[in-house]
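Protein chains in written order, with the numbering used here: chain L, 1 to 258; chain A, 1001 to 1258.
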């Protein structure tokens, strides 16, 4: 694999998607509520269509799997797309939503990005190199103890009732917690500002594109049992700045049973 | 009172404070944990010192009351300062923190601002005019039913255990909720993107500067019993886009007893 095979295309996606998202952001958009009770906007659909166009132009043989229009992994590479991660943030006018795109080959994520249109920040990673933020390499923090750790999650809403106390016990062992992160929390972990991110109930498009970004910055990402994530994972996710912190955090989560 | 008496000084504060905050944001700063277990950074102190300098230059007779260096209301006007609202966001690298400054006269808030340095957004209000965002008038939403409302709060952490279920019942009656707002949620409400903000355990510097911003945009702000907020309020705050929504939300909160 060429080290920069996907990078220019991911950059193109971020560049092309940004004006589309910004046109809809804080405008009079009609928000639909989906069957799973999550909101979706016209922006979600337009962005996914644009990304599908770009991928089809560069890699016509690849499969595409997106949050809005579905799809299944293929035999060649599969592009995993979350057009607007953090739709609630988007809908409430907060700038902390992002476009996620990742590329999966033989069930392994080989490249990924988090693009945040409002702040014009792009976290990019290919498995061969370090994660970059707008072209500059980033690194996870060296925080190795829970008592000094900054933990992020998005909202209690997203957790099963039985799962939430597991998060709470872990958060209580940390120095501070912050909510409302979505993909931005993972970006902050990659950049060394947050030390742990715990999520529950994510779809594959929510977490697969994050894997190269987190790992390329030195972080660890797994499910709550410590197992690697794949397309069929249930969506309980633990992300840590380093292996020591990951091991400590897992002690609080691995007893949880679905 | 002249309609623009305080506006130029609030603008000067926002302009002067911005580079100070941005110098510390995402840098190697040492975070202290205060007695109340909340974090404080060097940026908080520097910003408050700068604001105190600016106020003393323009209004030497006024009193100043700030989160970091204290102070009590005086007989003339009193400036109420939260140098960095959303310190946890700041410390975790999230751009959604802000500098709050408000002016109180005869126990009434006559002007206020929310300045968000990273996004370069300034919400400004004097009691004589409409709230503006970077000079353009903003207005709260016309959402009048809880079932269509977007509700924001910062974190369950900030609530007394007995108070949290009151918020939860209200949030469950709304269309969607978003966490992690801090002052940004109030700004989003003033701009019409969020419909309700519920907070608990705030200090006077956290909520007093918001009053003119919310009211100047058409919103309603009170404590959980529906009473007007003042310097000695306990810090349980309900902010609504309009009176109908406020009345509906109060039904969920007013039974709470300290």
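Even glycine gets a Cβ: it sits at the ideal position worked out from N, Cα and C.
Would you kindly work out how many angstroms separate the C-alpha atoms of residue 1233/A and residue 1198/A, rounded to a whole number?
Approximately 15 Å between the Cα atoms of the pair.
What are the start and end residues of the alpha helix (DSSP H) that includes residue 1046/A?
That run of the alpha helix (DSSP H) goes 1042-1058.
Are the CB atoms of residue 61/L and residue 76/L within a distance shorter than 7 Å?
A contact, by the Cβ cut-off of 7 Å.
At a Cβ threshold of 7 Å, is residue 1001/A touching chain L?
Note on residue 1001/A: pLDDT 40, under 50, position unreliable in the model; no value is reported.
Runs of alpha helix (DSSP H) lying entirely within the segment 182-233 of chain L, each at least 4 residues, in chain order
Counting only runs of 4 or more, we get 183-190, 204-207 and 210-216.
Chain A within 7 Å of residue 125/L, Cβ atoms only:
Taking Cβ atoms only, chain A never reaches closer than 7 Å to residue 125/L, which makes this a no.
Closest by CA to residue 191/L, which one among 122/L, 49/L, 145/L and 90/L?
The option with the nearest alpha carbon to residue 191/L is 122/L.
So, is the C-beta of residue 86/L closer than 7 Å to a C-beta in chain A?
Residue 86/L does not count as touching chain A.
Using a Cβ-Cβ cut-off of 6 Å (strictly less than) and excluding sequence neighbours within five positions of residue 1/L, which residues of its own chain qualify?
With a pLDDT of only 40 at residue 1/L, under 50, the local geometry of the prediction cannot be trusted, and the value read off the model is given with reservation. Hits under 6 Å: none found.
Using the beta-carbon of each residue, which ones in chain A are nearer than 8 Å to residue 159/L?
Here the premise fails: no neighbours, minimum Cβ distance about 12 Å.
Tell me, to the nearest whole angstrom, how far the beta carbon of residue 39/L is from that of residue 112/L; I am working on the premise that it is less than 8 Å.
Going by Cβ atoms, the distance from residue 39/L to residue 112/L rounds to 24 Å, so no, they are not a contact pair.
What in chain L is Cβ-close to residue 1099/A, meaning under 7 Å?
The premise fails here: residue 1099/A is roughly 17 Å from chain L at the closest Cβ pair, so nothing lies under 7 Å.
Tell me where the beta strand (DSSP E) around residue 1122/A begins and ends.
Per DSSP, residue 1122/A is one residue of the beta strand (DSSP E) stretching across 1121-1126.
Inside the segment 84-164 of chain L only - alpha helix (DSSP H) runs reaching at least 4 residues:
Complete alpha helix (DSSP H) runs here, min 4: 87-91.
Inter-residue CB distance, residue 1153/A and residue 1176/A (contact presumed, cutoff 8 Å)
Residue 1153/A to residue 1176/A, Cβ: 12 Å. No contact.
Leaving out five residues before and five after residue 251/L in sequence, what residues of the same chain have Cβ atoms less than 8 Å from its Cβ?
Close CB contacts of residue 251/L within its chain, under the 8 Å cut and outside five residues either way in sequence, are absent.
Rank 173/L, 45/L, 195/L and 125/L by C-alpha distance to the C-alpha of residue 208/L and give the top, closest one.
The shortest C-alpha separation from residue 208/L is found at 125/L.
In the segment 143-168 of chain L, which residues sit with their C-beta less than 8 Å from some C-beta in chain A, listed in chain order?
Cβ contacts with chain A: 150, 152, 154, 155, 156 and 157.
N- and C-terminal bounds of the beta strand (DSSP E) containing residue 1031/A:
It is not in any beta strand (DSSP E) - residue 1031/A carries neither H nor E in the DSSP assignment.
Nonlocal neighbours in the same chain, by C-beta distance under 8 Å from residue 1229/A, ignoring five residues either side:
If we look at residue 1229/A and ignore the five residues flanking it on each side, its Cβ neighbours are 1207, 1208, 1211, 1221, 1222, 1223 and 1237.
What would DSSP say about residue 1039/A, mapped onto helix, strand or coil?
In this structure, DSSP gives residue 1039/A an extended state, which the three-state scheme calls strand.
Tell me whether residue 23/L sits in a helix, a strand or coil according to DSSP, three-state version.
DSSP, reduced to helix, strand and coil, places residue 23/L within a helical segment of the structure shown.
To the nearest angstrom, how far is the alpha carbon of residue 33/L from that of residue 1196/A?
Near 19 Å, if we compare the C-alpha coordinates of residue 1196/A and residue 33/L.
Do residue 1193/A and residue 92/L count as a contact pair if the criterion is CB distance below 7 Å?
Judged by their CB atoms, residue 92/L and residue 1193/A are nearer to each other than the 7 Å cut-off.
By Cβ distance below 6 Å, which residues in the same chain neighbour residue 1067/A in space, the five residues on each side in sequence not counted?
Excluding positions up to five away in sequence, the list reads 1082 and 1205.
Between residue 41/L and residue 90/L, how many whole angstroms is the CB-CB distance? I'm expecting something under 8 Å.
Right, their Cβ atoms sit about 7 Å apart.
What's the gap between the Cα of residue 110/L and the Cα of residue 189/L?
One alpha carbon belongs to residue 110/L, the other to residue 189/L, and they sit about 19 Å apart.
Do we get a CB-CB distance below 7 Å when we pair residue 92/L with the residues of chain A?
Yes, its Cβ sits closer than 7 Å to a Cβ of chain A.
So with Cβ pairs under 7 Å, would you call residue 1108/A a contact of chain L?
By this cut-off, residue 1108/A is not an interface position.
According to DSSP, residues forming a beta bridge with residue 1065/A
Per DSSP, the beta-bridge partners of residue 1065/A are 1080/A.
is_contact[residue 104/L, chain A] using C-beta, thresh 7 Å
Residue-level contact check: residue 104/L does not touch chain A, since none of the beta carbons of chain A fall below 7 Å from its beta carbon.
Taking DSSP as the reference, what is the three-state secondary structure of residue 177/L?
Assigned with DSSP and collapsed to three states, residue 177/L falls in strand.
Are the Cβ atoms of residue 1314/A and residue 1048/A separated by less than 7 Å?
The requested residue 1314/A is not part of the displayed model; chain A covers only 1001 to 1258.
Would you mind working out which of 246/L, 257/L, 203/L and 10/L sits nearest residue 36/L, comparing C-alpha positions?
Cα-wise, what sits closest to residue 36/L is 203/L.
Could you tell me whether the Cβ atoms of residue 98/L and residue 118/L are closer together than 7 Å?
Taking 7 Å as the Cβ cut-off, residue 98/L and residue 118/L do not qualify as a contacting pair.
Straight-line gap, residue 166/L to residue 151/L (C-alpha atoms, nearest Å)
Distance between the alpha carbons of residue 166/L and residue 151/L is about 13 Å.
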